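Have a look at the structure below before the remarks.
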Amino acid sequence: MPLSEQEQRLLDEMERSLYHNDADFVSAVGGGRGRLNYGALVLGILVGILGLGIVIGGVIFHQPWIGLVGFVAMFGGVLLALRRSKRGRGAPASSAGASGAARPSGSSSASNKSGFMDRLNDRWERRDDREE
């Protein structure tokens, strides 16, 4: 079910408020992942496929330790494939440190957050009244 125009505006306002009031949180959550490392992705897939072949070989030869080695190889391949580049991680740490110097104004933003939540709760209650 698509959002109504009012709900979309409210969602946009919440997003703007989050970016404005919680810049440290947004940079920590959104930017901390880094960029996808395509070389590691390809290598991880190949190691995973090799591990799967080793597991199948362990089943064919009735050797559980070969299957275990194959499982470890598959697990390592998945970890390697999901690894992120370290280039993308440096920028958020420096921006978080720069905004950390402006901590004294954080106490006033806490009052803005509660005011925003109060307004949001009021709007939600009015929405329920209109539907009945």
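Counted from 1, the sequence shown has number 30 at position 32 by my numbering; the numbering is strictly sequential. Positions of the beta carbon are idealized from the N, C-alpha and C atoms, including for glycine. What you are looking at is a predicted structure, and each value in this text was computed from that prediction instead of being measured.
Counting only the same chain and skipping the five closest in sequence on each side, list residues whose C-beta sits under 6 Å from that of residue i.
i, result
"SER15", "PHE114"
Compute the beta-carbon to beta-carbon distance between residue i and residue j, rounded to the nearest angstrom, for a pair I have assumed lies under 8 Å.
i, j, result
"VAL76", "GLY42", "7 Å"
"ILE52", "ALA71", "6 Å"
"LEU34", "ARG82", "7 Å"
"VAL45", "LEU80", "No, VAL45 and LEU80 are not in contact; Cβ-Cβ is about 12 Å, not under 8 Å."
Please classify residue i: is it buried, with 16 or more other beta-carbons within 10 angstroms of its beta-carbon, or exposed?
i, result
"ASN119", "exposed"
"LEU9", "exposed"
"VAL40", "exposed"
"GLN6", "exposed"
For the alpha helix (DSSP H) containing residue i, list its first residue and its last residue.
i, result
"ASP20", "Counting along the chain, ASP20 falls outside any alpha helix (DSSP H), and DSSP gives it neither H nor E."
"PRO0", "Where PRO0 is concerned, there is no enclosing alpha helix (DSSP H), given that its DSSP letter is neither H nor E."
"LEU77", "62 to 79"
"LEU41", "36 to 58"
Output needed for residue i: all residues of its chain with C-beta closer than 8 Å, excluding positions within five of it in sequence on either side, in chain order.
i, result
"LEU1", "LEU9"
"TRP63", "GLY56"
"PHE69", "GLY49 and VAL53"
Could you pull out every residue in the same chain whose Cβ sits closer than 7 Å to the Cβ of residue i, ignoring the five residues on either side in sequence?
i, result
"ARG121", "LEU8"
"LEU48", "ALA71"
"GLY65", "VAL53, GLY56 and VAL57"
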